[in-house]
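Peer 1: Respectively, the protein sequence lines represent chains W and P. Reminder that position 48 of the first sequence reads as 49 in the working numbering, one-by-one numbering, no gaps. Reminder that position 191 of the second sequence reads as 986 in the working numbering, one-by-one numbering, no gaps. Here a beta-carbon is modelled for each residue, glycine too, at the ideal position from N, C-alpha and C. Let me begin by handing over the structure; questions about it come next.
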Amino acid sequence: MRRWIRESGDEMTLSGIDALTEKESGFGLEVPEDPRPVRERRSVSRGGMIWRRLKATPRFWIGTGVIVGLVLFATVGPLLTGYAFDDQDVLYLNYPPTTVHWFGTDTLGHDVLTQTMVGLQKSLIIGFIAGPLSTLLSALIGSFAGYVGGASDKVISWFIDLMLVLPTFFILILLYPFFNGSWVLMTFFLALTGWMIMAQVVRSQTRSLRERDFVKAARFMGFGPWTVVTRHIIPNVASLLIIDATLGIGAMILAETSLSFFGFGVQPPDVSLGTLLDDGQSAAVTRSWLFLAPAIIVVVLLLAINLVGDAVRDAVDPSSGNNRD
Amino acid sequence: MIVYLVRRILNYLVLTAVASSLAYVLASIGLNPVAALQSRHPKPPQATIDLALDKIGANPKVPLIERTWVWFTNLFHGDLGQTVNNHAVSETLLNRAGVSLQLLLIGSIIGAILGVVLGVWGAVRQYRTSDQVVTYVSYLIFATPVFVMAVLFMIAATQFNQAIGTQLIVFSGQFSADAPSDFWGNLGDRLSHLLLPTLVLIAGSAASYSRYQRSAMLDVLGADYIRTARAKGRTRSSALVRHGVRVALIPMSTFFAYSFGTLIAGATLLELVFSWHGMGEQAIQSIQAADINAVSGATLFVAVLILISSTLSEVLYAALDPRVRR
Chain W
2 MRRWIRESGD
12 EMTLSGIDAL
22 TEKESGFGLE
32 VPEDPRPVRE
42 RRSVSRGGMI
52 WRRLKATPRF
62 WIGTGVIVGL
72 VLFATVGPLL
82 TGYAFDDQDV
92 LYLNYPPTTV
102 HWFGTDTLGH
112 DVLTQTMVGL
122 QKSLIIGFIA
132 GPLSTLLSAL
142 IGSFAGYVGG
152 ASDKVISWFI
162 DLMLVLPTFF
172 ILILLYPFFN
182 GSWVLMTFFL
192 ALTGWMIMAQ
202 VVRSQTRSLR
212 ERDFVKAARF
222 MGFGPWTVVT
232 RHIIPNVASL
242 LIIDATLGIG
252 AMILAETSLS
262 FFGFGVQPPD
272 VSLGTLLDDG
282 QSAAVTRSWL
292 FLAPAIIVVV
302 LLLAINLVGD
312 AVRDAVDPSS
322 GNNRD
Chain P
796 MIVYLVRRIL
806 NYLVLTAVAS
816 SLAYVLASIG
826 LNPVAALQSR
836 HPKPPQATID
846 LALDKIGANP
856 KVPLIERTWV
866 WFTNLFHGDL
876 GQTVNNHAVS
886 ETLLNRAGVS
896 LQLLLIGSII
906 GAILGVVLGV
916 WGAVRQYRTS
926 DQVVTYVSYL
936 IFATPVFVMA
946 VLFMIAATQF
956 NQAIGTQLIV
966 FSGQFSADAP
976 SDFWGNLGDR
986 LSHLLLPTLV
996 LIAGSAASYS
1006 RYQRSAMLDV
1016 LGADYIRTAR
1026 AKGRTRSSAL
1036 VRHGVRVALI
1046 PMSTFFAYSF
1056 GTLIAGATLL
1066 ELVFSWHGMG
1076 EQAIQSIQAA
1086 DINAVSGATL
1096 FVAVLILISS
1106 TLSEVLYAAL
1116 DPRVRR
């Protein structure tokens, strides 16, 4: 469940978004006279304002820093350890962490540190592709349904309801025979099953945007649905989409680790955080380093992504979230 | 109001039937029971394989649309077909549903109550130490996959058991093979097995409910009607509970329904980690055994659970919000 959705009644709305634009446009507020001459005033765009708020949030920088660190760990790291992830060191089978193998080795003598790095790499690739992809799907489907309305809206809404009848995890398990073994296909299936809730939000936002003058003007000027949706609707829900894409990366990594952990995801010889956790699980009590290394990485990664996502949400919609007044 | 509810329930019923038929179609395309039968040792003769396939209604010679129609019509007679091991699916479902529901019901009810209480408490004590602690802990729980938390709890329980020298916390299966047969001993044994999976489930759901409830509660704390309630002489706590919490629960009732799916998925994973023989285990084992009917049965069970929880949340919504009732 994406956490920033707030519902009122049947229609989901993001309270605050509308309120925010009203406030910025100055209605009902005393705007003090700016002493500078007109041409020196810099108008603050909405994007600029969000970025300024974001820059001032420590959570954003901490989260981003950790994510960048982990990306380096996953990409540059394997070059520095001196082992390949499938190298077997027969002199060190099942060793706890030592100076030779910092995170220890497993029963086959694999270097756990290198395996964790390579596994993280795969999980990151899957998350960073599937998260934004599902956001793209929800933006297109949601705005189309909301803008065109009528029968296609009914059909799409009904289809979304239908997909929500089953938990995504179950749908993915049902789809497992179709992506058997291929993590690339799995990434696309993750995106294909993760767009529904966001599409509902975009749809209800679009229905209210549709009645705005600038959208009406574009429509009456004769632009088709595709042009209006891509030029006027989607830019106006862009901030929602950015939040969704950020939190979506975390959600997708979580889905990937869960599927792989139970053998329905990434298959050997490939490793991901999920398969590593699966391998470490059976020995978690006696040889805890096998489990703890990927577990700590996954928790830190998801924590960092959620921090960034929350910081972005608070910057977009200051009346929501944890740090409001 | 009744008309509205009946219409919603009918809509959900149709959705459930369509969704489980779609699951049947997906399972029929994706799974290959023929290969599973042929790979048995010794390899059965072709006639036996055909007979077995006909019995489970998975003979690839019959068109898929016809097989789906047969499954769909049988559904209305309460017949979910046979598993590959010649058991009635409906029978296995009943056995396993009890196990799953035990975990799900306790986890979701305690989790929801705890989440709401923590959320309200956090909103009322905004920015105090207790609120900050709850916030940070829920962030941490959010970032921990269910199965990781489960395994960490297992490690902790093992060390706890070693420290006190007895097996106080047991965490494999629903009960021990050598459980005491008297009522209290048996109950104690089951509770001891229930402890860890339920704790993980409660932690997960309470963490997300408390965030939402806190946010919803903060929205109403400054509302005029709370001040009015205070002005007419209600105490602070009474005004907050009777007028504040009730309003803040309205958006939550929708969220309960949405999050129930996540909860079911979480419970499925927990069943596997803690080796409970419930519906989640059934779903995953039957995929591995290419058992189409069993997969569809498990899917139907999940869809029905979602149906019930959505209906309950509609009723809760109507009970809380008088505007819907008209």
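1) Decide yes or no for the touch test of the region 125 to 137 of chain W against the region 237 to 255 of chain W: beta carbon pairs closer than 8 Å, at least 3 of them.
2) Residues in its own chain within less than 6 Å of W:P79 by CB, not counting five upstream and five downstream?
3) Since P:F955 contacts P:F1069 with CB under 8 Å, what's their CB separation in whole angstroms?
4) What's the gap between the Cα of W:R47 and the Cα of P:R1009?
5) Could you check if P:V801 is buried or exposed, using at least 16 other CB atoms within 10 Å of its CB as the buried criterion?
6) Considering Cα atoms alone, identify which of W:V286, W:L191, W:H111, W:T58 is closest to W:L260.
7) Below 8 Å on the Cβ atoms is my guess for P:I901 versus W:P168; work out the distance and round it to an integer in Å.
8) When you compare the CB positions of P:F1050 and P:I1101, do they come within less than 9 Å of one another, or not?
9) Counting only Cβ-Cβ distances shorter than 8 Å, please list the residues of the region 910 to 939 of chain P near chain W, keeping chain order.
10) Hey, quick one: how far does the alpha helix (DSSP H) through P:Y1112 stretch, first residue to last?
11) Looking only at its own chain, which residues have a Cβ that is under 8 Å from the Cβ of P:L1122, when we skip the five neighbours before and after it?
12) Compare the C-alpha of W:A255 against each of P:S976, P:T878, P:F937 and name the closest.
13) When the Cα atoms are used, what is the spatial distance from P:V809 to W:V267?
14) Taking the alpha helix (DSSP H) that P:V929 falls in, what are its first and last residues?
15) Could you tell me the distance, in whole angstroms, from the CA atom of P:N806 to the CA atom of W:M164?
16) Give me the residue from P:I1103, P:L1095, P:L1115, P:P1117 with the minimum Cα distance to P:G873.
17) In chain order, what residues of the same chain lie with their CB nearer than 7 Å to the CB of P:E1076, ignoring the 5 residues before and after it?
18) In the DSSP assignment, the alpha helix (DSSP H) including P:R862 goes from what residue to what residue?
19) Kindly list, in the order they appear in chain P, the residues whose Cβ is closer than 9 Å to that of W:F170.
20) The region 159 to 183 of chain W: which residues have C-beta closer than 9 Å to a C-beta of chain P, in chain order?
21) Could you check the C-alpha separation between P:T993 and P:H1072 for me, to the nearest Å?
22) Can you have a look at W:N237 and say buried or exposed, based on whether 16 or more other CB atoms are within 10 angstroms of its CB?
23) Ordered along the chain, which non-local residues of its own chain (more than five positions away) have a Cβ less than 6 Å from that of W:G105?
24) Which residues mark the beginning and the end of the alpha helix (DSSP H) in which W:G266 is found?
25) Going by C-alpha distance, which of W:K123, W:T207, W:F221 is nearest W:P269?
26) Taking C-beta pairs closer than 7 Å, name the residues in chain W that P:I1079 reaches, listed in chain order.
27) Alpha helix (DSSP H) containing W:Q222: first to last residue?
28) If we call anything under 9 Å between Cβ atoms a contact, is W:G150 one with W:R232?
29) Residues of chain P with CB under 9 Å from W:Q206, in chain order?
30) Please decide whether P:N854 counts as near chain W, where near means a Cβ-Cβ distance under 9 Å.
31) Just checking, does the region 1080 to 1093 of chain P make contact with the region 877 to 894 of chain P on the three C-beta pairs under 8 Å criterion?
32) Let's test the definition: count the other Cβ atoms within 10 Å of the Cβ of P:T930 and tell me whether it reaches 16, buried, or not, exposed.
33) Less than 7 Å between C-beta atoms, sequence neighbours within five positions excluded: which residues of the same chain meet that for W:T65?
34) Within 10 Å of its beta-carbon, does P:D871 have 16 or more other beta-carbons around it, so buried, or fewer, so exposed?
35) What's the call for P:P840, buried or exposed, on a 16-neighbour Cβ count within 10 Å?
36) Looking at the ligand ADP, does it come within less than 8 Å of P:M1074, judged from the CB to the closest heavy atom?
Peer 2: On the basis of the data shown:
1) yes
2) Reading the first sequence from its first residue, position 78 is the one you call residue 79 of chain W. Result list for W:P79: T115, M118, V119, in chain order.
3) Mapped onto the second sequence, residue 955 of chain P falls at position 160. Mapped onto the second sequence, residue 1069 of chain P falls at position 274. In fact, because the Cβ distance is near 16 Å, the residues do not count as touching under 8 Å.
4) In the first sequence, counting from the first residue as 1, residue 47 of chain W sits at position 46. In the second sequence, counting from the first residue as 1, residue 1009 of chain P sits at position 214. In a straight line, the C-alpha of W:R47 is about 28 Å away from that of P:R1009.
5) Mapped onto the second sequence, residue 801 of chain P falls at position 6. Exposed, by the Cβ-count rule.
6) Residue 260 of chain W sits at position 259 when you count from the first residue of the first sequence. Comparing Cα positions, the closest option is W:L191.
7) Counting from 1 along the second sequence, the entry for residue 901 of chain P is found at position 106. Counting from 1 along the first sequence, the entry for residue 168 of chain W is found at position 167. Wrong, their Cβ atoms sit about 19 Å apart, outside the cutoff.
8) Here residue 1050 of chain P refers to the residue found at position 255 of the second sequence. Here residue 1101 of chain P refers to the residue found at position 306 of the second sequence. No, the Cβ-Cβ distance between P:F1050 and P:I1101 is not below 9 Å.
9) The residues in question are T930, Y934, L935, F937, A938, T939.
10) Here residue 1112 of chain P is taken as the residue at index 317 of the second sequence, counted from 1. That run of the alpha helix (DSSP H) goes 1087 to 1115.
11) Absent from the model: residue 1122 of chain P. The displayed extent of chain P is 796 to 1121, so no value can be given.
12) Indexing the first sequence from 1 puts residue 255 of chain W at position 254. Per the sequence presented here, residue 255 of chain W reads as Leu, with Ala not at that position. W:L255 has its Cα closest to that of P:F937, out of P:S976, P:T878, P:F937.
13) Your numbering for residue 809 of chain P matches position 14 in the second sequence. Your numbering for residue 267 of chain W matches position 266 in the first sequence. P:V809 and W:V267: Cα-Cα distance of roughly 35 Å.
14) Against the second sequence, residue 929 of chain P aligns to sequence position 134. It spans 924 to 937 - the alpha helix (DSSP H) in which P:V929 sits, taken as one unbroken run.
15) In the second sequence, residue 806 of chain P corresponds to position 11, counting from 1. In the first sequence, residue 164 of chain W corresponds to position 163, counting from 1. A straight-line Cα-Cα distance of about 14 Å links P:N806 and W:M164.
16) The residue given as residue 873 of chain P occupies position 78 in the second sequence. Measuring from the Cα of P:G873, the nearest candidate turns out to be P:L1095.
17) Taking the first residue of the second sequence as position 1, residue 1076 of chain P is located at position 281. Excluding positions up to five away in sequence, the list reads E1066, L1067.
18) For the purposes of this step, residue 862 of chain P is taken as residue 67 along the second sequence, with counting starting at 1. 859 to 871 is the span of the alpha helix (DSSP H), which, as asked, contains P:R862.
19) The count along the first sequence starts at 1 and reaches residue 170 of chain W at position 169. In chain order: G1056, T1057, I1059, A1060, G1061, T1063, L1064.
20) W159, D162, L163, M164, L165, V166, L167, P168, T169, F170, F171, I172, I174, L175, L176, Y177, P178, F179, N181
21) Looking up residue 993 of chain P in the second sequence gives position 198. Looking up residue 1072 of chain P in the second sequence gives position 277. Distance between the alpha carbons of P:T993 and P:H1072 is about 15 Å.
22) Position 236 of the first sequence, counted from the start, is the residue given in the question as residue 237 of chain W. Counting Cβ neighbours within 10 Å, W:N237 comes out buried, since at least 16 surround it.
23) Counted from its first residue, the first sequence places residue 105 of chain W at position 104. Same-chain partners within the cutoff: Y96, P97, P98, V113, W290.
24) Counted from its first residue, the first sequence places residue 266 of chain W at position 265. Note, W:G266: premise wrong, no alpha helix (DSSP H); not H, not E.
25) Counting from 1 along the first sequence, the entry for residue 269 of chain W is found at position 268. Checked all of W:K123, W:T207, W:F221; the closest Cα to W:P269 is W:K123.
26) On the second sequence, residue 1079 of chain P is found 284 positions in, with the first residue counted as 1. Within 7 Å Cβ-Cβ: I174, F263.
27) For the purposes of this step, residue 222 of chain W is identified with residue 221 of the first sequence, where counting begins at 1. In the sequence on display, residue 222 of chain W carries Met and not Gln. That residue, W:M222, is in no alpha helix (DSSP H); it is neither H nor E in DSSP.
28) Taking the first sequence and counting its residues from 1, one reaches residue 150 of chain W at position 149. Taking the first sequence and counting its residues from 1, one reaches residue 232 of chain W at position 231. Going by C-beta atoms, W:G150 is not nearer than 9 Å to W:R232.
29) What you label residue 206 of chain W is simply residue 205 of the first sequence in a count that begins at 1. Those do not exist, as W:Q206 stays about 17 Å from chain P at its closest Cβ, beyond 9 Å.
30) Within the second sequence, the letter at position 59 stands for residue 854 of chain P. By this cut-off, P:N854 is not an interface position.
31) yes
32) Counted from its first residue, the second sequence places residue 930 of chain P at position 135. Counting Cβ neighbours within 10 Å, P:T930 comes out buried, since at least 16 surround it.
33) Taking the first sequence and counting its residues from 1, one reaches residue 65 of chain W at position 64. Excluding positions up to five away in sequence, the list reads V309.
34) Here residue 871 of chain P refers to the residue found at position 76 of the second sequence. Note that residue 871 of chain P is Phe in the sequence shown here, rather than Asp. Per the 10 Å Cβ criterion, exposed.
35) Reading the second sequence from its first residue, position 45 is the one you call residue 840 of chain P. Its Cβ having fewer than 16 others within 10 Å, P:P840 is exposed.
36) Here there are no bound small molecules, and the ligand ADP is not part of this structure.
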